[in-house]
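In the working numbering, the protein residues as written are 1 to 220.
Right under this line is the structure:
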């Protein structure tokens with residue numbers, strides 16, 4: 001099988017070197033080069049390569065934004081980030097943008113060849129330690145988003161909203177939480193007002209969209 005590759009770097013000498021290295025593999029074809037993020041997106045759409053080898057640092061729009069744009073238009077295209085430093089922040093952003101992994105520029109040519117072949121075959125290139133840090137960052141961001149979504153609700157209102165999202169009627173919620181039906185109605189009205197929603201269906205959709213049950217589990 002032959003894998004089609006797009007090379008992206010703002011330095012011509014680097015692009016020529018990458019082209020020479022990758023073209024020397026029998027199963028690789030370098031379909032084009034790009035010198036900027038904008039050009040990378042255009043040529044990715046034009047050629048639909050299997051793999052884009054993307055420099056992370058370029059003048060103007062960087063490789064992370066180019067990766068995000070390419071993955072939004074062509075989710076099947078794999079992107080390998082070329083970087084001089086394994087900086088956490090940059091790697092988090094690159095992986096969040098959809099990169100399959102990264103290769104250090106100071107590594108040998110064989111490392112890049114192996115990396116391209118692996119991602120072309122559907123593998124990821126993430127060091128387990130980096131993966132754990134990325135997942136931890138994603139979990140933290142999710143928790144912060146959930147907390148912001150429900151920050152104005154009391155714990156009892158959260159419980160009521162959780163039952164509303166499961167389709168419980170006011171009478172059923174009252175029985176479940178040992179409350180009067182009037183009290184439940186007041187809670188529901190308060191929830192709708194605080195979340196700026198108009199009815200129970202919207203409240204249920206809001207709860208599901210913001211993963212209320214997961215948030216409640218964390219509070220338990």
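Idealized CB from N, CA, C, for every residue including glycine.
Nearest candidate by alpha-carbon position, reference residue i, set the options
i           : options              : result
residue 92  : 53, 120, 140 and 114 : 140
residue 14  : 33, 198 and 27       : 33
residue 28  : 10, 155 and 49       : 49
residue 111 : 53, 95, 10 and 155   : 53
residue 12  : 3, 55 and 26         : 55
Strand pairing of residue i, partner residues [DSSP]
i           : result
residue 154 : According to DSSP, residue 154 bridges with nothing at all.
residue 184 : Looking at the DSSP assignment, residue 184 forms no beta bridge with any residue, so it has no partner.
residue 8   : 34 and 54
Other residues of its chain near residue i: CB distance less than 7 Å, five sequence neighbours each side excluded
i           : result
residue 30  : 5, 7, 19, 22 and 23
residue 181 : 170, 171 and 174
residue 215 : 146 and 150
Own chain, CB closer than 6 Å to residue i, minus 5 neighbours either side, in chain order
i           : result
residue 61  : 37
residue 99  : 67, 79 and 81
residue 184 : 170, 173 and 174
Contacts around residue i, its chain only, beta-carbon distance under 8 Å, and the 5 residues preceding and following it disregarded
i           : result
residue 191 : 153, 157, 160, 161, 164, 197 and 203
residue 210 : 145, 146, 149 and 150
Beta-carbon proximity check, residue i vs residue j, cutoff 9 Å
i           : j           : result
residue 120 : residue 45  : no
residue 117 : residue 83  : no
residue 125 : residue 115 : yes
Any non-hydrogen atom of the ligand HEM within 8 Å of residue i CB
i           : result
residue 180 : In terms of ligand content, the structure shown is empty, and the ligand HEM therefore cannot be addressed.
Where in the segment 33-99 do unbroken runs of the beta strand (DSSP E), each at least 3 residues long, occur, reported from the N-terminal end onward?
-> 51-55 and 78-83
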